Amino acid sequence: MTLTKHIDWLVKTHGSMRGAATACGVDVSTLSRLRSGERGDQIGDDLLARLGLERVVTLRRVKSR
332 MTLTKHIDWL VKTHGSMRGA ATACGVDVST LSRLRSGERG DQIGDDLLAR LGLERVVTLR
392 RVKSR
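Residue numbering for the sequence shown follows the working numbering, starting at 332 and increasing by one per position.
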């Protein structure tokens with residue numbers, strides 16, 4: 332699931348962007364910027380947790396050396 336899709340789900344679940352932000356304990360402008368991709372590279376683990384997400388890192392081999 333992408334961050335945008337998750338935020339869309341939160342908005343649908345809580346009825347509005349403001350409702351989702353309040354339920355997650357974040358400012359509505361922060362949630363809006365996250366959804367638009369403006370803050371995509373600045374998301375800390377604490378903010379992810381407030382949104383009900385966790386960071387998962389995946390590694391894969393690209394080419395044998």
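Every residue gets a Cβ at the ideal spot worked out from N, C-alpha and C, and that includes glycine. Fair warning: this is a prediction, and the values are worked out from it, not measured in the lab.
Exercise for the section: Pull up the CB-CB distance for R381 and C355, whole angstroms please, since I reckon it's below 8 Å. Expected result: Along the sequence shown, read from residue 1 onward, the residue named residue 381 stands at position 50. Along the sequence shown, read from residue 1 onward, the residue named residue 355 stands at position 24. 5 Å between Cβ atoms; contact.
Practice task
Would you identify the three-state DSSP class for K336, choosing helix, strand or coil?
Solution key: Here the question's residue 336 lines up with position 5 in the sequence shown. Correct three-state label for K336: helix.
Handout entry: Status (buried if at least 16 other CB within 10 Å, exposed otherwise) for L390
Key = Translated into positions along the sequence shown, residue 390 becomes position 59. Counting the other Cβ atoms within 10 Å of the Cβ of L390 gives fewer than 16, which makes it exposed.
Exercise for the section: Taking only the alpha-carbon atoms, compute the straight-line gap between T344 and A351 and give it to the nearest angstrom. Expected result: In the sequence shown, residue 344 corresponds to position 13, counting from 1. In the sequence shown, residue 351 corresponds to position 20, counting from 1. Going from the Cα of T344 to the Cα of A351 covers about 8 Å.
Practice task
Give me the Cα-Cα distance between M348 and R370, rounded to the nearest whole angstrom.
Solution key: Locating residue 348 in the sequence shown gives position 17, where the first residue counts as 1. Locating residue 370 in the sequence shown gives position 39, where the first residue counts as 1. Approximately 16 Å, taken between the alpha carbons.
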